[in-house]
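Take 1 as the starting number for the sequence shown in our numbering and just add one per residue. One structure below.
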Amino acid sequence: MSRFLILLGAVLILVGILWPLLQKAGLGQLPGDIVIHRDNLHFYFPLTTSILVSILISLLIWLFRK
1 MSRFLILLGA
11 VLILVGILWP
21 LLQKAGLGQL
31 PGDIVIHRDN
41 LHFYFPLTTS
51 ILVSILISLL
61 IWLFRK
């Protein structure tokens, strides 16, 4: 269990470091991400991006378990 938590922490740190590069590649502004702009409100919910990141993390965990 501790090995899994260390690996998860390392992956989160790596994603945090690479996040600016991922945004330049278009991740975070995909079709399906919900963005609402109003006078006093800016709401952003990255639905599609969250799904893709979840699939990627699930795939990585599956590969490491094999």
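For each residue, glycine too, the CB sits at the ideal point set by N, CA and C.
Counting only the same chain and skipping the five closest in sequence on each side, list residues whose C-beta sits under 6 Å from that of residue i.
i	result
residue 36	43
Considering only residues of the same chain and omitting the five flanking positions on each side of residue i, which have a CB-CB separation below 7 Å?
i	result
residue 76	Summary: the structure shown does not reach residue 76, with the chain confined to residues 1 through 66, and so no result is reported for it.
residue 31	48
Rounding to the nearest angstrom, what Cα-Cα distance links residue i and residue j in this structure?
i	j	result
residue 64	residue 10	14 Å
residue 25	residue 60	20 Å
Once you ignore the five residues that flank residue i on each side, which residues in its own chain have a CB closer than 8 Å to its CB?
i	result
residue 23	29
Considering only C-alpha positions, which residue in the set the options is nearest to residue i?
i	options	result
residue 12	1, 56, 62	56
Runs of beta strand (DSSP E) wholly within the region 21 to 52 (minimum 3 residues, chain order): If only uninterrupted beta strand (DSSP E) runs of at least 3 residues are considered, those enclosed by the region 21 to 52 are 34 to 37, 42 to 45.
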